[in-house]
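Numbering (this note's numbering), first residue to last: 40 to 352. Report on the structure given below.
This is the structure we're talking about:
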């Protein structure tokens, strides 16, 4: 069952885009507090299967098309994943996601992941998500029956710009997976990456696709131009562009968590992390990303408390 959003006309979007950054942020924060109060959503992930991916996403160090130093290993054991789930709960995350590289997951590995999900549910008591690539409804129902609550599947960028970033699968295949997850009764987490070379038109287009999909959570990543990938030399997006994007997404997707993930600790943006929560962001991925760490979880929890004090002050 997909979420519905209030109507949004092209004229209204154009009006928002003409606003100054300060006014856009003011409206976004007002909307966040009115729609979601002082809630902050925290999640963490485990890189449960890494590298050797046959897809050619130009930003990804796990693609087998590029020479990178990304770790390569098969599906981790139930014991390793269970330990990571316990750690996620201990550091304060409400959601724990099992992430695996590759185009998608076969039936045998799907059933292994389902067993992990079931054990996490019975022994840890944290909401479990998964990000396993392109999946059909049948496999997603296996995961749902094991206790999966949310499926993560980023659009990455706009429909129009997508062919510049990925050629081994289509934007439509991403939409189909999101639809299959919703048909299976799962919540959906989907967002993308800022700084791939896209324009603000592309960022708005992706936001409108997410609205049409009726997603439940939106992670926003900032490109980390990692060595070995085709985007390694990409100039960084500017902090004002990131803040504008966050504010626009809050206004276009008023009811869902806008979650900051990879790239938030990069030198050019880390001083603006607090500002991004005044622009409408209200979620964080904590504890590390797929192939890169982030600041310690206690620092993130202290940051969240400081932000909530500002909101309530």
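The beta carbon of each residue, even a glycine, is placed where N, CA and C say it ideally should be.
With a floor of 4 residues, list each alpha helix (DSSP H) that falls wholly inside the region 297–345, ordered by position along the chain. List check, alpha helix (DSSP H) in window: 312–316.
Alpha helix (DSSP H) runs contained entirely in the region 65–117, provided each spans 4 or more residues: Here no run is fully enclosed.
Segments assigned alpha helix (DSSP H), at least 4 residues, entirely inside the region 204–247: Qualifying alpha helix (DSSP H) stretches, in chain order: 210–222.
Here's the rule I'm using: 16 or more other beta-carbon atoms within 10 Å means buried, otherwise exposed. How should residue 296 be labelled? buried
Can you give the Cα-Cα distance for residue 42 and residue 302, rounded to whole angstroms? 28 angstroms
Starting from the C-beta of residue 79, find all residues in its chain whose C-beta is less than 6 angstroms away, skip the five residues before and the five after it, and write them out in chain order. 321, 343
DSSP state of residue 42, grouped into three classes? coil
In chain order, what residues of the same chain lie with their CB nearer than 8 angstroms to the CB of residue 142, ignoring the 5 residues before and after it? Once the five neighbours on either side are set aside, the close Cβ partners of residue 142 are 92, 93, 94, 172, 173, 207, 208.
Within 10 Å of its beta-carbon, does residue 352 have 16 or more other beta-carbons around it, so buried, or fewer, so exposed? exposed
So residue 136 is in the beta strand (DSSP E); what residue range does that whole segment cover? Where residue 136 is concerned, the enclosing beta strand (DSSP E) stretches over 134–139.
In whole angstroms, give me the CA-to-CA distance for residue 123 and residue 53. 44 angstroms
Do residue 252 and residue 285 have their C-beta atoms closer together than 8 angstroms? no
Does the Cβ-Cβ distance between residue 154 and residue 182 come in under 8 angstroms? no
Classify residue 116 as buried or exposed, calling it buried when 16 or more other Cβ atoms lie within 10 Å of its own Cβ. Exposed, because fewer than 16 other Cβ atoms sit within 10 Å of the Cβ of residue 116.
Just confirm the distance between the C-beta atoms of residue 227 and residue 289, as a whole number of angstroms; I'd bet it's less than 8 angstroms. Actually they are not in contact, since the Cβ atoms of residue 227 and residue 289 sit about 18 angstroms apart, beyond 8 angstroms.
Could you pull the DSSP bridge partners for residue 191 from this structure? 228
Just to confirm before moving on: does the CB-CB distance between residue 194 and residue 249 stay below 8 angstroms? yes
Just verifying my parser: in three-state terms, what is the DSSP assignment at residue 121? helix
Mapping DSSP to helix, strand and coil, what is residue 145? coil
Taking 8 angstroms as the cut-off, decide whether the C-beta atoms of residue 151 and residue 179 are in contact. no
Quick check: is the beta carbon of residue 160 nearer than 8 angstroms to any beta carbon in chain C? No chain C appears in the structure shown, which is made up of a single protein chain.
Rounded to whole angstroms, what's the CA-CA distance from residue 254 to residue 267? Just pull it up for me. 32 angstroms
Span of the alpha helix (DSSP H) around residue 265: For residue 265, no alpha helix (DSSP H) run applies, since DSSP gives it neither H nor E.
So, with DSSP's three-state summary, where would you put residue 49? Residue state, collapsed to three classes: helix.
CB residue 81 to CB residue 261, shorter than 8 angstroms? no
In angstroms with no decimal places, state the Cα-to-Cα distance between residue 149 and residue 101. 20 angstroms
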